[in-house]
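Asker:
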Amino acid sequence: MSIYPQLRLRRTRKTQWRRRLVRETRLSVDDLIWPLIISDSTKSREAVPSMPGVERLSIAQCVKAAQKAKDLGIPALALFPNISDKFKDAAGAEALNPDGLVPQAIKAIKASVPDVGIIVDVALDPYTNHGHDGLLKDGEILNDASVEILAECAVMLADAGADIVAPSDMMDGRVGAIRSSLEEGGHKDTLILSYAAKYASGFYGPYRDAIGTATSLSGDKRSYQMDPGNRDEALREAGLDVEEGADMLMVKPGLPYLDIIRDLKQAFQMPTFAFQVSGEYAMIKAAGANGWLDEDRVKLESLQCFKRAGADGVLTYFAPEIAQLLAAQNR
Ligand code: PBG
368 MSIYPQLRLR RTRKTQWRRR LVRETRLSVD DLIWPLIISD STKSREAVPS
418 MPGVERLSIA QCVKAAQKAK DLGIPALALF PNISDKFKDA AGAEALNPDG
468 LVPQAIKAIK ASVPDVGIIV DVALDPYTNH GHDGLLKDGE ILNDASVEIL
518 AECAVMLADA GADIVAPSDM MDGRVGAIRS SLEEGGHKDT LILSYAAKYA
568 SGFYGPYRDA IGTATSLSGD KRSYQMDPGN RDEALREAGL DVEEGADMLM
618 VKPGLPYLDI IRDLKQAFQM PTFAFQVSGE YAMIKAAGAN GWLDEDRVKL
668 ESLQCFKRAG ADGVLTYFAP EIAQLLAAQN R
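Under this note's numbering, think of the first position of the sequence shown as 368, with each following residue one higher.
Dropping the structure here:
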């Protein structure tokens, strides 16, 4: 065994070409999924104050963003709706409307930019007046009744042209129910990206501002989203989703949960994604704006760390900026 001074690990770090040669993981534009917030408001673009640089977009602006994604080489978008209060009710009925905001946006994007992948969230929170991901009755979130609606919703979204449905609700049994409904509905090629390990996290705050559920949410989501202290449970959750027919797994939030990404990738060898959520985005943006951090540098570093942990890709609001930074690096 060779030790110092025969072995000097600094030798491979000495110059840029040496570092490039021995770099173990690499971030590429292929790893990026760009989350977009679509809104049914009359404004075509509307800033989200807690997420500087992120805007709520009209359908027409979403189509433009899809074109931008294609031009930058970003493989896929993830759509999240901000629904006006007038379309919300206790049961989230609007989630099943085939002429609703999300199906309309999917069709508009597919009509003009057909070769960018479209991922859609499957959950009721944008549509319920209580802001929960499932049905609420006497203070309790109903599991099985919610799953039935989510399965129907997934088929409707696939009918509209969604390529990947991403159940983000954390109800038990939803992946299996969605898979059966998709099969019955003739959607054998629709992928399921399950939010396999989704934690009850404080890092979703700015997202709830963005989709307009921050003030309406009654109580919290701890009876269905996971406890931040649990690791074994993440493996059990993911194991069930794999058995029930998920094609891809997701861990959410991202950076504080790198160990979970690693665990899932090692245990299942499935395509595994991370969601660098709204709060993670906001922190980097805020520190960057104050000059406390070099924003571009930490953005790239944070994304590279997801790759090192084992993620195959990352949902990140930084996607277009990262794509541009990577293109500039390669020039
Ligand atoms: C809920 C959902 C959440 C996010 C996406 N879908 C969080 C939540 O309200 O529980 C969070 C995304 C982010 O913070 O960027 N179905």
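Even for Gly, the Cβ is constructed at its ideal location relative to N, Cα and C.
Between Val514 and the rest of its own chain, which residues show a CB-CB distance below 7 Å, the 5 nearest in sequence each way excluded?
Answerer: Excluding residues within five positions, the ones whose Cβ falls inside 7 Å are Met538, Gly540, Arg541 and Ala544.
Asker: For Pro448 and Ala527, what's the separation of their Cα atoms in angstroms?
Answerer: Cα to Cα, the separation comes out at about 15 Å.
Asker: Could you pull the start and end residues of the alpha helix (DSSP H) that Lys477 belongs to?
Answerer: Leu468 to Ser479 is the span of the alpha helix (DSSP H), which, as asked, contains Lys477.
Asker: For the alpha helix (DSSP H) holding Ser547, just list the boundary residues, first then last.
Answerer: Run containing Ser547: Arg541 to Glu551, per the alpha helix (DSSP H) assignment.
Asker: Glu519 to Ser548, Cα distance in whole Å?
Answerer: Answer to the nearest angstrom: the Cα atoms are 7 Å apart.
Asker: Tell me, to the nearest whole angstrom, how far the beta carbon of Tyr571 is from that of Val644; I am working on the premise that it is less than 8 Å.
Answerer: Yes, Tyr571 and Val644 are in contact; Cβ-Cβ is about 6 Å, under 8 Å.
Asker: Check whether the Cβ atoms of Pro493 and Ile450 sit closer than 8 Å, and answer yes or no.
Answerer: Cβ distance < 8 Å, so Pro493 and Ile450 count as in contact.
Asker: Would you check if the stretch 658 to 677 and the stretch 432 to 441 touch, i.e. whether three or more CB-CB distances between them fall below 8 Å?
Answerer: Not touching, per the Cβ criterion.
Asker: Three or more C-beta pairs under 8 Å: does that hold for the stretch 670 to 684 against the stretch 629 to 645?
Answerer: The stretch 670 to 684 is in contact with the stretch 629 to 645.
Asker: Taking all protein chains shown into account, decide if Thr582 is buried (16 or more other Cβ within 10 angstroms of its Cβ) or exposed.
Answerer: The residue in question, Thr582, is exposed, as its Cβ has fewer than 16 Cβ neighbours within 10 Å.
Asker: My understanding is that Asp536 touches Asp500, with C-beta atoms under 8 Å, so please give their C-beta distance in whole angstroms.
Answerer: That belief holds up - the Cβ atoms of Asp536 and Asp500 are roughly 4 Å apart, short of 8 Å.
Asker: Closest by CA to Val532, which one among Thr379, Gly586 and Leu616?
Answerer: Ranking the options by Cα distance to Val532, first place goes to Leu616.
Asker: Report all residues from its chain with a CB closer than 6 Å to the CB of Ser411; omit the five preceding and five following residues, and keep chain order.
Answerer: Within the same chain, Ser411 has close Cβ partners Ser425 and Gln428.
Asker: Taking 7 Å as the line, does the beta carbon of Lys588 fall inside it for any heavy atom of the ligand PBG?
Answerer: Yes.
Asker: Tell me, please, whether the stretch 557 to 564 touches the stretch 473 to 483 by the rule of three or more beta-carbon pairs shorter than 8 Å.
Answerer: Segments in contact, no.
Asker: Have a look at the DSSP bridge pairing and note the partners of Tyr562.
Answerer: Partner(s): Met617.
Asker: Please report the Cβ distance between Leu321 and Leu394, rounded to the nearest whole angstrom; I am assuming they are in contact, meaning their Cβ atoms lie under 8 Å.
Answerer: Limits of the chain in this structure are 368 at one end and 698 at the other, which puts residue 321 out of reach.
Asker: Any heavy atom of the ligand PBG inside 7 Å of the beta-carbon of Lys698?
Answerer: Per the sequence shown, the amino acid found at residue 698 is Arg instead of Lys. Flag unset: Cβ of Arg698 not near the ligand PBG.
Asker: Quick one: complete beta strand (DSSP E) runs, 3+ long, within the stretch 432 to 516?
Answerer: Runs found: 443 to 449, 484 to 489, 502 to 504 and 507 to 509.
Asker: In this structure, what does DSSP give as the bridge partners for Ile405?
Answerer: Looking at the DSSP assignment, Ile405 forms a beta bridge with Leu424 and Pro448.
Asker: Kindly indicate which three-state DSSP category Arg412 falls into: helix, strand or coil?
Answerer: Of the three classes helix, strand and coil, the one that applies to Arg412 here is strand, per DSSP.
Asker: Relative to the C-alpha of Thr409, which residue among Asp397, Leu468 and Gln373 is closest?
Answerer: Taking only the C-alpha atoms, the option nearest Thr409 is Leu468.
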